[in-house]
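Student: This is the structure, below, for whatever I ask next.
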Amino acid sequence: MHTKKDGIPNPATAATPHSRRRTVLHRFLACFAILYGLLVAFKTTQNMSQRFFFNKKGPFEKPLMGRAAEKYFLEVPNEESCIQASRDYTAAPHRAGSDRDLQTAKDFLTFLQSELGIKAPSETPIFPAGSIHSRHATLMIPKAPVPYAWIDTYYPLMNTPLERNLQTLDAEGKVLWEADLEEHAEEEDPEAHKFSNSVPTFHGLSKGADVTGRLIYANYGLIEDYDALVEQGVNFTGAIVLTRYGGNFRGIKVQRAQELGAAGVLIYSDVRDDGTVTVQNGYKPYPHGPARNPKAVQRGSVQFLSMYPGDPTTPGTPAYENATRTEGLNKPQIPSLPISQENGEKLLKLAKDGWNGTVRLNNQVDERVMPIWNTMAIIPGYIKDEVVMLGNHRDAWVMGAADPTSGTASIHETIRGFGALMKKGWKPLRTILIASWDAEEYGLIGSTEWGEDFSEFVDKYVVAYLNLDGSASGSRFHVQASPSLAHLTYSAALDVPHPTEENKTLWDATQDSGKYFGAREDGNAVLDAEAIAVYEASINAQDELGVGVLGSGSDYTIFLQRIGVASMNHGFSSTLNDAVYHYHSVYDSELWEETYADPGFHRHVAVAKHLGLVALRLAGSVVLPLNTTHYAYELESYLDKVEALALAQSTEIEIDLSPLRNSVHSLQAASQALDYEKFVAERELKKIFKKWHKKGDRVRKLRRKARKTYCKMLKKVFGKECPSHHHHSEEPHQPPRHEEDVSQGPKIVSPGGEVARDLHHHSNHPVSGRREQWQERREIMQGLALYFGVELPTPPPSSGEHTCGKSVGRPHFPLPKILKAIKRIRAVNQKLVAFERGFISEDGLPSREWYKHLGVAPGRWLGYGATTLPALTESITLDKNSTLAKHEAERLQTLVDKLVETIRV
Numbered sequence: 001m002h003t004k005k006d007g008i009p010n011p012a013t014a015a016t017p018h019s020r021r022r023t024v025l026h027r028f029l030a031c032f033a034i035l036y037g038l039l040v041a042f043k044t045t046q047n048m049s050q051r052f053f054f055n056k057k058g059p060f061e062k063p064l065m066g067r068a069a070e071k072y073f074l075e076v077p078n079e080e081s082c083i084q085a086s087r088d089y090t091a092a093p094h095r096a097g098s099d100r101d102l103q104t105a106k107d108f109l110t111f112l113q114s115e116l117g118i119k120a121p122s123e124t125p126i127f128p129a130g131s132i133h134s135r136h137a138t139l140m141i142p143k144a145p146v147p148y149a150w151i152d153t154y155y156p157l158m159n160t161p162l163e164r165n166l167q168t169l170d171a172e173g174k175v176l177w178e179a180d181l182e183e184h185a186e187e188e189d190p191e192a193h194k195f196s197n198s199v200p201t202f203h204g205l206s207k208g209a210d211v212t213g214r215l216i217y218a219n220y221g222l223i224e225d226y227d228a229l230v231e232q233g234v235n236f237t238g239a240i241v242l243t244r245y246g247g248n249f250r251g252i253k254v255q256r257a258q259e260l261g262a263a264g265v266l267i268y269s270d271v272r273d274d275g276t277v278t279v280q281n282g283y284k285p286y287p288h289g290p291a292r293n294p295k296a297v298q299r300g301s302v303q304f305l306s307m308y309p310g311d312p313t314t315p316g317t318p319a320y321e322n323a324t325r326t327e328g329l330n331k332p333q334i335p336s337l338p339i340s341q342e343n344g345e346k347l348l349k350l351a352k353d354g355w356n357g358t359v360r361l362n363n364q365v366d367e368r369v370m371p372i373w374n375t376m377a378i379i380p381g382y383i384k385d386e387v388v389m390l391g392n393h394r395d396a397w398v399m400g401a402a403d404p405t406s407g408t409a410s411i412h413e414t415i416r417g418f419g420a421l422m423k424k425g426w427k428p429l430r431t432i433l434i435a436s437w438d439a440e441e442y443g444l445i446g447s448t449e450w451g452e453d454f455s456e457f458v459d460k461y462v463v464a465y466l467n468l469d470g471s472a473s474g475s476r477f478h479v480q481a482s483p484s485l486a487h488l489t490y491s492a493a494l495d496v497p498h499p500t501e502e503n504k505t506l507w508d509a510t511q512d513s514g515k516y517f518g519a520r521e522d523g524n525a526v527l528d529a530e531a532i533a534v535y536e537a538s539i540n541a542q543d544e545l546g547v548g549v550l551g552s553g554s555d556y557t558i559f560l561q562r563i564g565v566a567s568m569n570h571g572f573s574s575t576l577n578d579a580v581y582h583y584h585s586v587y588d589s590e591l592w593e594e595t596y597a598d599p600g601f602h603r604h605v606a607v608a609k610h611l612g613l614v615a616l617r618l619a620g621s622v623v624l625p626l627n628t629t630h631y632a633y634e635l636e637s638y639l640d641k642v643e644a645l646a647l648a649q650s651t652e653i654e655i656d657l658s659p660l661r662n663s664v665h666s667l668q669a670a671s672q673a674l675d676y677e678k679f680v681a682e683r684e685l686k687k688i689f690k691k692w693h694k695k696g697d698r699v700r701k702l703r704r705k706a707r708k709t710y711c712k713m714l715k716k717v718f719g720k721e722c723p724s725h726h727h728h729s730e731e732p733h734q735p736p737r738h739e740e741d742v743s744q745g746p747k748i749v750s751p752g753g754e755v756a757r758d759l760h761h762h763s764n765h766p767v768s769g770r771r772e773q774w775q776e777r778r779e780i781m782q783g784l785a786l787y788f789g790v791e792l793p794t795p796p797p798s799s800g801e802h803t804c805g806k807s808v809g810r811p812h813f814p815l816p817k818i819l820k821a822i823k824r825i826r827a828v829n830q831k832l833v834a835f836e837r838g839f840i841s842e843d844g845l846p847s848r849e850w851y852k853h854l855g856v857a858p859g860r861w862l863g864y865g866a867t868t869l870p871a872l873t874e875s876i877t878l879d880k881n882s883t884l885a886k887h888e889a890e891r892l893q894t895l896v897d898k899l900v901e902t903i904r905v
């Protein structure tokens, strides 16, 4: 522009048409250049960022994992649903092997299909154990892309009652008195009354025989009770032994009597074991009050549980329909009967008065092979070769409101919680396998047969087993677990509210007691000192946290005691101040459960939440939450007890345990080193993912800035708005909901014979073993990335990409580093799982080789109760043999030394 000398501008002159066209052209070219540069920058960053932070359905949103999943889960279990489930399953008796038992198996299958989004196949997937259908259903779990459910049928030997008699006879054989063996439930409990004699009072696996003999009272039938009588010169040959329930497993009472030559055994319920809640202490009997109904009878198995559980005729092998069978060494060769308090007290008076008559015990049974049904389901995780198992048995002696239906109702709520999470797009890091076991009441049969059938699968894939028997029969919460699970179960209980009291946790309920402390006018409750001692002994086997030791008596046995899987059992049980629990009686009814055991079902729901939290943390943690160091220090406390026992019998036992103690110290040191490796391995993987994700954040910010500039220019120059950035979908990304037929999962053959499709990706395009392995590794990588809040590239890096580490249009993806870090994590988890496996000895325990765990087992003469370092302990306490004790100490030391090397980092 020209100016005058005084600085005043010259007046504008009109531009020629030629100059105007040239000016417009220059401006257009300038804008075009700017827009082209911005467009290139935008498209480049868009390509990079969209692939990493967006998929076809919109922006990446971290799926439900970790604490977010836990919080959502805890909102699901509720009392109304739990009560309805309990009422459904207790509507009629469902003894193992009965038609009603089969119906409950089908009902549970339908429930699993509904809650887990499994499309039911055209024919009910009930498979005979050992068939290709059954084998594939379990063995294909590590390959399954979608949930599915099925029923396995096993064929164990069991029995049902026929004719039964209990009589007292005079010297000439005339009947003086005949016991009424029926329960005769009162009308005030309508369901108990209706089904009073649907399942006659008898012992599962009892011997069918008609015997007569003099009466001997053996108190609890503990080994100490029998030994004391033998020392007094009592001859058991041909006698009928009367014992009271409590102190040990009922089968052990029969086993010891049989060894001493007895002809039969009677077991009764004694009110002395009911604590303060007795008629003598001012309470009315059920159904009019909380005290014991004098006609109630405890049914139950008399299997020799400490010898081996499961089908008597196929020890160590699964009970297929065509299985080769043995005689069955773990079932009695003498008859037995359970009897009521009323009948037991009459016989007890005769025995104590020195009566010289005889007793006739007639127990006729129908013993035969019959089918049982385990209902199973899986929720596939990202890491498919690490499986967390949950189990509860479904069969009951009659209606079983507490045992097992309280547990069934609780796991019902846990599963509903999992289903709700799945509807929100949740997928566990590890696969979850759910089992509804059958025939537990006859001797842990359903779980044992499945475990024996798939022992290699369990050993290779199952990282932990969480058991739930009855969840609510009283006021006190209890947990028994492998020491490696103690802190996990404890911390989970701290995160669940107390079921009935504000400002307390579920763990606080481990100190709860009942509300019945006596209703006598004088205010003094009558208690039996021996019963108190027996009760306290049953709850004292706990670690410093208050977590108990697992013995036997429920479905964790095969997993822990034979295969070496870290296990847990939990629930609410009764104290000496709770309403009397009519165990295995017709009075274990829904009315009793809702009136006395858990009014409102708040305890049921608390147990469901605890089970779910423990499962979610096992299935959802990068490093398995197994505390091997706590376990290693518990081993030393077990050894302290053994040393004390040896010192107490120093005149008979001479043994040096210092080499074993030194090995335990080495194990403690190795475990502490593993703890550090756990921390570093997870930190390293997190660091790699977060660093890469941070780079992606910078790319995303650049893209947004470029887009903003581009849109402004587009509107200014062309007057147009930018298209919607997320035009594909406004919904955040969530993993897909799987609704495929069960045939879309593992290769399951339908009952009709047609073979379903193999794994989904196999059906579409056959892949080589190498490609399949890469897909499995990528899925693991995807799950771990999501755990840390990172989404993998889409499409994913292929197995060939990790030679260059990056591709055009993408930030550098550190695949080799990630794979190396994941391998390190996997190695740590394998060592954690191997810790429990390390106590398994193929030679097993002396005289009961089925049990292979040298760290813990049911006591030889306890059955229910646990004995730690069992082979070593019992060589001192029972065998009193120094040579055997030294051998067992050396055998245990060898295992510990080997375990040190296994977990060494």
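Just so we're aligned, residue 1 is where the sequence shown starts under full-length UniProt numbering, counting upward by one.
For each residue, glycine too, the CB sits at the ideal point set by N, CA and C.
Hey, how far is the Cα of lysine 823 from the Cα of aspartate 385?
Tutor: Along the sequence shown, one-based indexing puts residue 823 at 823. Along the sequence shown, one-based indexing puts residue 385 at 385. One C-alpha to the other measures close to 14 Å.
Student: Report the option in Trp450, Pro128, Thr110, Gln364 whose CA atom is closest to the CA atom of alanine 120.
Tutor: In the sequence shown, the residue the question calls residue 120 occupies position 120. Ranking the options by Cα distance to alanine 120, first place goes to Thr110.
Student: When you compare only the Cα positions, how much space is there between glutamine 542 and serine 513?
Tutor: Mapped onto the sequence shown, residue 542 falls at position 542. Mapped onto the sequence shown, residue 513 falls at position 513. Near 18 Å, if we compare the C-alpha coordinates of serine 513 and glutamine 542.
Student: Distance, Cα to Cα, leucine 488 vs glutamate 70?
Tutor: In the sequence shown, the residue the question calls residue 488 occupies position 488. In the sequence shown, the residue the question calls residue 70 occupies position 70. Rounded to whole angstroms, leucine 488 to glutamate 70 spans 14 Å at the Cα level.
Student: Under the three-state reduction of DSSP, which class applies to arginine 325: helix, strand or coil?
Tutor: Counted from its first residue, the sequence shown places residue 325 at position 325. Note: arginine 325 maps to coil in three-state DSSP.
Student: Run the CB neighbour count on phenylalanine 304, radius 10 Å, all protein chains shown included, and call it buried at 16 or more, exposed below.
Tutor: Here residue 304 is taken as the residue at index 304 of the sequence shown, counted from 1. By the Cβ neighbour-count rule, phenylalanine 304 is buried, with 16 or more other Cβ atoms within 10 Å of its own.
Student: Between the alpha carbons of glutamine 232 and threonine 873, how many angstroms are there, rounded?
Tutor: As a first step, residue 232 is located in the sequence shown; it is residue number 232 there, counting from the start. As a first step, residue 873 is located in the sequence shown; it is residue number 873 there, counting from the start. For glutamine 232 and threonine 873, the distance between alpha carbons rounds to 27 Å.
Student: Between the beta-carbon of proline 380 and the beta-carbon of alanine 615, is there less than 9 Å?
Tutor: By 1-based counting over the sequence shown, the position of residue 380 is 380. By 1-based counting over the sequence shown, the position of residue 615 is 615. No.
Student: Can you find at least 3 beta carbon pairs, one from the segment 458-477 and one from the segment 562-569, that sit closer than 8 Å?
Tutor: yes
Student: Note the first and the last residue of the continuous alpha helix (DSSP H) segment covering phenylalanine 108.
Tutor: Position 108 of the sequence shown, counting from 1, holds the residue named residue 108. Phenylalanine 108 -> alpha helix (DSSP H) spans 99-115.
Student: Are the segment 476-495 and the segment 341-357 touching by the rule of at least three beta carbon pairs closer than 8 Å?
Tutor: no
Student: Taking the alpha carbon of residue 908 as the reference point, which residue from Asn281, Gly117, Val607 has its own alpha carbon closest?
Tutor: This structure does not reach residue 908, given that the chain is present from 1 up to 905, and the question cannot be answered.
Student: Alpha carbon to alpha carbon, how far is aspartate 897 from leucine 635?
Tutor: Sequence index remark: in the sequence shown, residue 897 carries index 897 (1-based). Sequence index remark: in the sequence shown, residue 635 carries index 635 (1-based). If I take the Cα positions, the gap works out to 13 Å.
Student: Would a C-beta distance cut-off of 9 Å place leucine 64 and isoleucine 434 closer than the cut-off?
Tutor: Residue numbering aside, residue 64 sits at position 64 when the sequence shown is read from its first letter. Residue numbering aside, residue 434 sits at position 434 when the sequence shown is read from its first letter. Cβ atoms of leucine 64 and isoleucine 434: not closer than 9 Å.
Student: So alanine 537 is in the beta strand (DSSP E); what residue range does that whole segment cover?
Tutor: By one-based count along the sequence shown, residue 537 stands at place 537. Per DSSP, alanine 537 lies in no beta strand (DSSP E) segment; the continuous alpha helix (DSSP H) that holds it begins and ends at 529-539.
Student: For the beta strand (DSSP E) holding glutamine 364, just list the boundary residues, first then last.
Tutor: As a working note, residue 364 is residue 364 in the sequence shown. Unbroken beta strand (DSSP E) run through glutamine 364: 358-369.
Student: Between Trp355, Thr431, Tyr154, which has its C-alpha nearest threonine 317's C-alpha?
Tutor: Position 317 of the sequence shown, counted from the first residue, corresponds to residue 317. Among Trp355, Thr431, Tyr154, the Cα nearest to that of threonine 317 belongs to Tyr154.
Student: Give the range of the beta strand (DSSP E) segment to which tyrosine 154 is assigned.
Tutor: The residue labelled residue 154 in the question sits at position 154 within the sequence shown. It spans 148-154 - the beta strand (DSSP E) in which tyrosine 154 sits, taken as one unbroken run.
Student: How far does the alpha helix (DSSP H) with isoleucine 252 in it reach, from first residue to last?
Tutor: Taking the first residue of the sequence shown as 1, we reach residue 252 at position 252. For isoleucine 252, the enclosing alpha helix (DSSP H) covers residues 250-259.
Student: Please work out which residues of its chain come closer than 8 Å, Cβ to Cβ, to serine 663, disregarding the five sequence neighbours upstream and downstream, and give them in chain order.
Tutor: What you label residue 663 is simply residue 663 of the sequence shown in a count that begins at 1. Excluding positions up to five away in sequence, the list reads Gln893, Val896, Asp897, Val900.
Student: Could you spell out where the alpha helix (DSSP H) holding lysine 349 opens and where it closes?
Tutor: In the sequence shown, counting from the first residue as 1, residue 349 sits at position 349. Start and end: 341-352.
Student: How would you write the range of the alpha helix (DSSP H) that isoleucine 432 sits in, first residue to last?
Tutor: Walking along the sequence shown from the start, residue 432 turns up at place 432. From DSSP, isoleucine 432 is part of no alpha helix (DSSP H) but of the beta strand (DSSP E) over 430-437.
Student: Please go through the same chain and pick out, in chain order, the residues whose beta-carbon is closer than 6 Å to the beta-carbon of glutamine 561, but skip the five residues on each side of it.
Tutor: Translated into positions along the sequence shown, residue 561 becomes position 561. Tyr851, His853, Ala857, listed in sequence order.
Student: Since glutamate 386 is in the beta strand (DSSP E), which residue starts that stretch and which ends it?
Tutor: In the sequence shown, counting from the first residue as 1, residue 386 sits at position 386. Run containing glutamate 386: 383-393, per the beta strand (DSSP E) assignment.
Student: Is the separation between the beta-carbon of valine 369 and that of proline 156 shorter than 9 Å?
Tutor: Within the sequence shown, numbered from 1, the residue matching residue 369 stands at position 369. Within the sequence shown, numbered from 1, the residue matching residue 156 stands at position 156. Their beta carbons are under 9 Å apart, which means valine 369 touches proline 156 by this criterion.
Student: Please name the residue, chosen from Gly518, Thr575, Lys515, Val549, that lies closest to isoleucine 532 on a Cα-to-Cα basis.
Tutor: Counting from one through the sequence shown, the residue named residue 532 turns up at place 532. Isoleucine 532 has its Cα closest to that of Thr575, out of Gly518, Thr575, Lys515, Val549.
Student: Taking only the alpha-carbon atoms, compute the straight-line gap between glutamate 501 and arginine 603 and give it to the nearest angstrom.
Tutor: Position 501 of the sequence shown, counted from the start, is the residue given in the question as residue 501. Position 603 of the sequence shown, counted from the start, is the residue given in the question as residue 603. Whole-angstrom Cα-Cα distance: 11 Å.
Student: Sort Arg100, Pro335, Thr651 by Cα distance to arginine 394 and report the nearest one.
Tutor: As a first step, residue 394 must be located in the sequence shown, where it is residue number 394. Of the candidates Arg100, Pro335, Thr651, the one whose C-alpha sits nearest the C-alpha of arginine 394 is Arg100.
Student: Could you check whether phenylalanine 73 and asparagine 420 sit closer than 9 Å to each other, using their CB atoms as the reference points?
Tutor: Position 420 of the sequence shown, counted from the first residue, corresponds to residue 420. Position 73 of the sequence shown, counted from the first residue, corresponds to residue 73. The question names asparagine, but residue 420 is alanine in the sequence shown. For alanine 420 and phenylalanine 73, yes; Cβs fall inside 9 Å.
Student: Indicate the three-state DSSP secondary structure (helix, strand or coil) for phenylalanine 559 in the structure shown.
Tutor: Translated into the one-based positions of the sequence shown, residue 559 becomes position 559. Looking at phenylalanine 559 - three-state DSSP - the assignment turns out to be helix.
Student: Could you have a look at asparagine 165 and say whether DSSP puts it in helix, strand or coil?
Tutor: Along the sequence shown, read from residue 1 onward, the residue named residue 165 stands at position 165. Looking at asparagine 165 - three-state DSSP - the assignment turns out to be strand.
Student: Between which two residues does the beta strand (DSSP E) carrying proline 858 extend?
Tutor: Sequence index remark: in the sequence shown, residue 858 carries index 858 (1-based). Judged by DSSP secondary structure, proline 858 falls within the beta strand (DSSP E) whose first and last residues are 856-858.
Student: DSSP state of asparagine 577, grouped into three classes?
Tutor: What you label residue 577 is simply residue 577 of the sequence shown in a count that begins at 1. Reduced to three states, the DSSP call for asparagine 577 is coil.
Student: Quick check: the segment 816-833 against the segment 624-643, are at least 3 beta-carbon pairs closer than 8 Å?
Tutor: yes
Student: Go ahead and pull the three-state DSSP assignment for asparagine 47.
Tutor: Counted from its first residue, the sequence shown places residue 47 at position 47. In this predicted model, asparagine 47 has a pLDDT of only 45, less than 50, meaning its place in the structure is not dependable enough to derive any value.
Student: Evaluate alanine 262 with the Cβ neighbour count: other Cβ atoms within 10 Å of its Cβ, from every protein chain shown; 16 or more gives buried, anything less gives exposed.
Tutor: Counting from one through the sequence shown, the residue named residue 262 turns up at place 262. Its Cβ being crowded by 16 or more others within 10 Å, alanine 262 is buried.
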